[in-house]
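Numbering (the working numbering), first residue to last: -4 to 121.
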């Protein structure tokens, strides 16, 4: 029996649900993947990710920092320099992200084919 039955794993106040909601955010996985090679500056991360505004990246990084997945390091230099990196906890998500990425590579065309075959257009959430 799986742990996804009624009254269990994904109740509103459950830590597992909080974690899934955090990871399900549009930019979380992309930002974590962008930080997977080591410390990165904000502007470099914007360029690496593409399609994310500076404001959205800042909000995402702050949320990930608050949840203990990302560390912000401000250097006492002129001009100021700030880098972001994964914490050990954040690094534990890289393997599952890699697995999900491989699944998407292997099955992305099938998902697009299913969308094309759908009788009505499917609304996309942004």
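Beta carbons are placed, not taken as given, at the ideal position from N, Cα and C, and that holds for glycine.
Problem set entry | C-alpha distance - residue 104 paired with residue 53, whole-angstrom precision | By 1-based counting over the chain shown, the position of residue 104 is 109. By 1-based counting over the chain shown, the position of residue 53 is 58. Roughly 32 Å between the two C-alpha positions.
Exercise. What residue from 83, 68 and 85 has the CA that sits closest to residue 77's CA?
Worked result: Mapped onto the chain shown, residue 77 falls at position 82. Nearest option by C-alpha distance: 68.
Exercise. Does the distance from the C-beta atom of residue 84 to that of residue 63 stay below 8 Å?
Worked result: Numbered from 1 along the chain shown, position 89 holds the residue referred to as residue 84. Numbered from 1 along the chain shown, position 68 holds the residue referred to as residue 63. Against a cut-off of 8 Å, the Cβ pair of residue 63 and residue 84 comes out as a contact.
Exercise. Which same chain residues, not among the five before or five after residue 26, have their C-beta less than 6 Å away from its C-beta?
Worked result: To locate residue 26, count along the chain shown from 1; it is residue 31. Hits under 6 Å: 55.
For this session: Inspect the beta-carbon positions of residue 57 and residue 80 and report whether they are closer than 8 Å.
Result: In the chain shown, residue 57 corresponds to position 62, counting from 1. In the chain shown, residue 80 corresponds to position 85, counting from 1. When the beta-carbon positions are compared, residue 57 and residue 80 stay at least 8 Å from each other.
For this session: Please report how far the alpha carbon of residue 127 lies from the alpha carbon of residue 96, in whole angstroms.
Result: Missing from the structure shown is residue 127; the chain here goes from -4 to 121 and no further.
Problem set entry | Secondary structure, alpha helix (DSSP H): runs of 4+ residues fully inside the segment 18 to 67 | Qualifying alpha helix (DSSP H) stretches, in chain order: 23 to 29, 37 to 44 and 49 to 61.
For this session: Take residue 13 as the anchor and find which of 70, 100 and 61 has the nearest alpha-carbon.
Result: For this step, residue 13 is matched to residue 18 along the chain shown. The candidate whose alpha carbon is nearest that of residue 13 is 61.
Problem set entry | Rounded straight-line distance, which links the Cα of residue 10 to that of residue 45 | Indexing the chain shown from 1 puts residue 45 at position 50. Indexing the chain shown from 1 puts residue 10 at position 15. Whole-angstrom Cα-Cα distance: 31 Å.
For this session: Report the option in 33, 70, 21 and 71 whose CA atom is closest to the CA atom of residue 51.
Result: Numbered from its first residue, the chain shown carries residue 51 at position 56. Taking only the C-alpha atoms, the option nearest residue 51 is 21.
Exercise. Just how far apart, CA to CA, sit residue 30 and residue 40?
Worked result: Here residue 30 is taken as the residue at index 35 of the chain shown, counted from 1. Here residue 40 is taken as the residue at index 45 of the chain shown, counted from 1. Taking the straight line from one Cα to the other gives about 8 Å.
For this session: Return the first residue and the last residue of the beta strand (DSSP E) that residue 81 is part of.
Result: In the chain shown, counting from the first residue as 1, residue 81 sits at position 86. Run containing residue 81: 76 to 81, per the beta strand (DSSP E) assignment.
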